[in-house]
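*Asks:* Here it is: the structure, laid out below.
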Amino acid sequence: MASEFFHRISAVTALVLPVLIASGTGFPAIAQQNRGITPEASAAIAGTPRPSPQNGIAMYGTPMLQEGDSLPYARPDAPKGGEIRINAQEGFDSLNPWILAGRAPEGIAPFVFQTLMIRSIDEPFSLYGLLASGVETDEARSYAEFTLRPEARFSDGTPVTVEDVLWSFETLGNQGHPRYTDAWAKIAKAEITAPDKIRFTFKEPSRELVLLLGLRPVLKKAQYEGKDFSASTMDIPIGSGPYTVEEAIPNRKVVYRRNPDFWGKDLPILQGLYNFDKITHAYYSDQNIAFEAFKAGDLDTWREGNAARWNTGYTFPAVQDGRILRTEIPHQRPSGMQGLVFNTRLPVFQDWRVREALTSVYNFEFISKTINSDAEPRIQSYFDNSTLKAGKGPAEGPVAALLEPFKDTLIDGTLEGYTLPQGDGSAQNRKNTRSAMRLLNAAGWSADDAGVLRNEAGDPFTFEIVLQQGDTEIAPAVDIFVESLKRLGIVPQVTVIDAAQYRERTNRFEFGMAWIRRALSLSPGNEQYLYWGASGIDTPGSRNWMGMNSPAAEAMIATMLEARETEEFTYAVRALDRILTAGRYVIPSWYAQSSRLAYKAELHFPQDVPLYGDWPGFQPDVWWYEAAH
């Protein structure tokens, strides 16, 4: 196994990456009818049987569940009824979550719309039939054919058809958010092969593309056809999900009402899900105000992101008399990345020594002690807290072999091993300040007689830190960081703007530094191109905020996607983790090893916690209301 993997590394890095880079952005030809040789005839000619559609599919190995099973973290007989009021963030001004324009409410995608397949958050990457009763593919995964359930309906009672699927995927690929265009560009042909079947043939075999298509939303063609799909709208969408939008007031609240005629209410895989009759997402401009609303009884549940407040701020009466309960939900997912991201599109941040210098004076030890009472560990790498993390020390074995072809272009520490600078915990952090100044001097920056840091041309070292209004836990950390920068002769401008402006400016990459949050899973895939790929440098709305341009990183992603075994996949992700971490693109902050939840005593959830813990698909999906007796 290992020796075979070593022989395949050079082929992947030398051949796969150029193919990916050279591939165009044209879209597949769409055939409304299957013409020519049918798949059955093709398989017969080749002398191989046609695969049978499967209800479940996994990235690697076999899905855990059998057809007819419910999700293991749901209670199938959970009572229906009641309501839950949840704090939502950022605000909204559109009810179309699939485009770049506008801001859609966070609940509309999972509650109102549905996909061909549903994900189990108790597995790294397994899908089970939802709108589709099954999916067919071959061993190479060169195509995917989905069979629609005949009973699938939109909320207005009309059937979900393969024409809706075809129109949705084509429209998302051409006019949707940039996150959809990459996968669509990899499809050679999309065709309706039967009244209930739709087949996608890939330009190149891809293990993940089958699953990505399974998670694409299916929209009602008749609602959007003839309109500008890319334009923001407040029109109430017609979806096939368990809820409909009852009320939507921009930036204030969205009320979702459970559809009593929901077509999928008897599906085994959905038993124990969507139990509340009513879900309200309430929007607050400031999270401190939102917490006060929870204390006053205006919200039913609260996710606590501040470890210090969790330990000292829950002494109010509702907690003391048992009306509010508290729990911590553990998880086994990667830490992801949270912190201040450098926009390397700006000349001031293009030298990694500058980024290392500013990372050195980000006084994490003092910040953590001041804000979080040292309750949260620091993020050491993008896939920290998981088996996918790079680890410490020099790269070895298959990881080193993967990186070897790129050794001349890798930033210092990628191969040798990189460790974040550690402060002494004091407010002054003098040792790190001195080392930071040495790095800045080496990069061509020095302080003038007035103590202002300038380059050889005499330009001052200046940039803008853009923060979102209401992010009350972040502001104190940035304030401490700014004071540390002043000791180097750097005085950045800090701009605090509302959620709409923040999204617009980060979509256009108009910032020097910003606070980034990237949640990463145990099954990273094509979305990694959107996060770190060079195509996102100039694409508005891409997730590549740092402006990263690394052929080595793209090669690791390609290797990851082509892996046939978990071991190969893990090596590639660990190599990618090294490239990202040693690149010093983000000054990492802290992460929570468990989710801290406070909630009214009438709310309940199953005792079997999924692998991903409190993750989308957990609350409110498998929770229920049951009044105390």
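Counting the sequence shown from 1 gives a position; the numbering used here is that position plus 1438.
Cβ coordinates follow ideal geometry from the N, Cα and C atoms, glycine included.
1. If contacts are defined as beta-carbon pairs under 8 Å, then N1713 and P1517 qualify, I think. What distance do you get, rounded to the angstrom?
2. What residue from A1938, I1817 and V1916 has the CA that sits closest to P1930's CA?
3. Pull up the DSSP beta-bridge partners for I1954, would you.
4. Do you know offhand how far G1572's Cα is from L1554's?
5. Output yes or no for whether 8 Å exceeds the beta carbon distance between I1630 and F1640.
6. Could you check how far apart the C-beta atoms of W1983 and A1952 are, in whole angstroms? I think they sit under 8 Å.
7. Below 8 Å on the Cβ atoms is my guess for G1679 versus Q1552; work out the distance and round it to an integer in Å.
8. In or out: A1734 buried (at least 16 other Cβ within 10 Å) or exposed?
9. May I ask which residues mark the beginning and end of the alpha helix (DSSP H) holding W1740?
10. Quick check on DSSP: helix, strand or coil for M1986?
11. Please work out which residues of its chain come closer than 8 Å, Cβ to Cβ, to T1463, disregarding the five sequence neighbours upstream and downstream, and give them in chain order.
12. Do T1852 and L1841 have their C-beta atoms within less than 8 Å of each other?
13. Does the beta-carbon distance from P1768 to G2051 come in below 8 Å?
14. Restricting to Cα atoms, I'd like to know which of P1688, L1509 and A1660 is closest to M1672.
15. Taking 8 Å as the threshold, find out whether the stretch 2019-2028 comes into contact with the stretch 2040-2060 through three or more Cβ pairs.
16. At which residue ranges does the stretch 1656-1696 contain complete beta strand (DSSP E) runs of 3 or more residues, listed in the order of the chain?
17. For E1478, count the other beta carbons within 10 Å of its own beta carbon; 16 or more makes it buried, fewer makes it exposed. Which is it?
18. Under the DSSP definition of a beta bridge, which residues are partnered with R2034?
19. How about G1985 and I1975: do their beta carbons lie closer than 8 Å?
20. Have a look at the DSSP bridge pairing and note the partners of A1888.
21. Whole angstroms are fine: how far does the CA of S1798 sit from the CA of I1868?
22. Under 8 Å, do Y1721 and V1837 count as touching if we go by C-beta distance?
23. Taking all protein chains shown into account, do 16 or more other C-beta atoms lie within 10 angstroms of the C-beta of S2068, making it buried, or fewer, making it exposed?
24. Which residue from A1996, D2059 and L1533 puts its Cα closest to that of V1683?
25. Can you find the residues in the same chain that come closer than 6 Å, C-beta to C-beta, to A2036, ignoring five residues on each side of it along the sequence?
26. Tell me where the alpha helix (DSSP H) around V1792 begins and ends.
27. Quick check on this structure: which residue in D1909, I1556 and P1898 has the alpha carbon closest to the alpha carbon of Q1709?
28. By Cβ distance below 8 Å, which residues in the same chain neighbour L1737 in space, the five residues on each side in sequence not counted?
29. When the Cα atoms are used, what is the spatial distance from M1775 to G1595?
30. Restricting to runs no shorter than 3 residues, where is the beta strand (DSSP E) found entirely within the stretch 1864-1932?
31. Are G1908 and D1724 touching if we call contact CB-CB under 8 Å?
32. Following the continuous alpha helix (DSSP H) through S1806, name the residue where it begins and the one where it ends.
33. For S1922 and L1778, I'd like the C-alpha separation in whole angstroms.
34. Start and end of the alpha helix (DSSP H) containing V1757?
35. For L1877, I'd like the list of residues in its chain whose CB is within less than 8 Å of its CB, leaving aside the five on either flank, ordered along the chain.
*Replies:* On the basis of the coordinates in this document:
1. The C-beta separation of N1713 from P1517 comes to about 7 Å, placing the pair in contact by the 8 Å criterion.
2. The candidate whose alpha carbon is nearest that of P1930 is V1916.
3. Bridge partners of I1954: G1777.
4. G1572 and L1554 have their C-alpha atoms spaced approximately 9 Å apart.
5. Not closer than 8 Å, so no.
6. Contact between W1983 and A1952 holds: their C-beta atoms lie close to 7 Å from each other, under 8 Å.
7. Sure, about 5 Å apart at Cβ, within 8 Å.
8. So A1734 ends up on the exposed side.
9. In the DSSP assignment, W1740 falls outside any alpha helix (DSSP H) and within the unbroken beta strand (DSSP E) covering T1739 to E1742.
10. Assignment of M1986 by DSSP, reduced to helix, strand and coil, places it in the coil class.
11. The predicted model places T1463 with a pLDDT of 32, which falls under 50 and marks its position as unreliable, so this point remains unresolved.
12. Their beta carbons are under 8 Å apart, which means T1852 touches L1841 by this criterion.
13. Their beta carbons are under 8 Å apart, which means P1768 touches G2051 by this criterion.
14. Residue P1688 holds the alpha-carbon nearest to the alpha-carbon of M1672 among P1688, L1509 and A1660.
15. Because the criterion of three Cβ pairs below 8 Å is not met, the stretch 2019-2028 and the stretch 2040-2060 do not touch.
16. Counting only runs of 3 or more, we get 1681-1687 and 1691-1696.
17. Per-residue confidence for E1478 stands at a pLDDT of 43, beneath the threshold of 50, marking its modelled position as unreliable; no derived number is given.
18. Bridge partners of R2034: E1742 and E1766.
19. A contact, by the Cβ cut-off of 8 Å.
20. A1888 is not bridged to any residue.
21. The sequence given here has Arg at residue 1868, not Ile. When rounded, the distance between both Cα atoms is 10 Å.
22. In this structure, V1837 does not lie closer than 8 Å to Y1721 by Cβ.
23. Because the chain spans 1439 through 2067 in this model, residue 2068 falls outside it and cannot be assessed.
24. Of the candidates A1996, D2059 and L1533, the one whose C-alpha sits nearest the C-alpha of V1683 is L1533.
25. Setting aside the 5 residues that flank it on each side, A2036 is surrounded in the same chain by W1740, I1762 and R1764, each with a C-beta closer than 6 Å to its C-beta; the list follows chain order.
26. Note, V1792: alpha helix (DSSP H), W1790 to V1799.
27. Of the residues D1909, I1556 and P1898, the one whose Cα lies closest to the Cα of Q1709 is I1556.
28. Closer than 8 Å at Cβ, skipping near neighbours: R1523, I1524, N1525, A1720, A1728 and A1731.
29. Cα-Cα distance, rounded: 43 Å.
30. Entirely contained in the stretch 1864-1932, the beta strand (DSSP E) runs reaching 3 residues are, in chain order, 1902-1906.
31. Judged by beta-carbon spacing, D1724 lies within the 8 Å limit of G1908, meaning their Cβ atoms are closer than that value.
32. Note, S1806: alpha helix (DSSP H), F1802 to N1810.
33. Cα atoms of S1922 and L1778: separation of roughly 14 Å, rounded to the nearest angstrom.
34. Note, V1757: alpha helix (DSSP H), P1755 to Q1758.
35. Correct list, in chain order: R1791, V1792, E1794, A1795 and S1798.
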